[in-house]
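Colleague: Sequential numbering from 1 applies to the sequence shown in full-length UniProt numbering.
Where a beta carbon is used, it is the ideal one built from N, C-alpha and C, also for glycine.
Mind looking over this structure? Questions follow.
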Amino acid sequence: MASNTNTLPQGFSVFQPTLGAQLQFFPAIGTRELDEMINAYMPGPASNQEKRASIALDYFEYAHLTGQTFKFYPIYSAADSPATASPLQDSGYGSSFNTSPATSNWDWSNV
């Protein structure tokens, strides 16, 4: 019986065996496979090192909130992407797609 690989989730994982231990990426850091997956997960001009740092921060927040030591980051193809399946729609109530929660500098005194 033939297997359809399109139905299997594609992505990479981050794991921390114990608190304070070094994060483990699967596929391993330094592999072309992981770099390609990270670039698919976080497109843009940032370096792979910056993208891994951003993913590490996301993982730490997730681990802190849930107590879980493993997180899977799915990679969607253009055909499978939730963005293509359901376009974003703004309700117009208290939100705007034109604003960003990010600050343009490192001055956090007014936050």
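Any idea which residues DSSP pairs residue 75 with across the strands?
Modeller: Partner(s): 10.
Colleague: I'd like the list of long-range same chain contacts for residue 48, defined as Cβ closer than 8 Å, with 5 residues on each side in sequence excluded.
Modeller: 35, 38, 39
Colleague: So, are the CB atoms of residue 11 and residue 59 less than 9 Å apart?
Modeller: At a Cβ-Cβ threshold of 9 Å, residue 11 and residue 59 do not count as neighbours.
Colleague: Decide if residue 52 is buried, meaning its Cβ has at least 16 other Cβ atoms within 10 Å, or exposed.
Modeller: Within 10 angstroms of the beta-carbon of residue 52 lie 16 or more other beta-carbons, which makes it buried.
Colleague: Taking the alpha-carbon positions, what's the residue 74 to residue 45 distance?
Modeller: 20 Å
Colleague: Taking its Cβ as the centre, do 16 or more other Cβ atoms sit within 10 Å of residue 72, making it buried, or is it exposed?
Modeller: exposed
Colleague: Please state if the CB of residue 17 and the CB of residue 69 are separated by a distance shorter than 9 Å.
Modeller: yes
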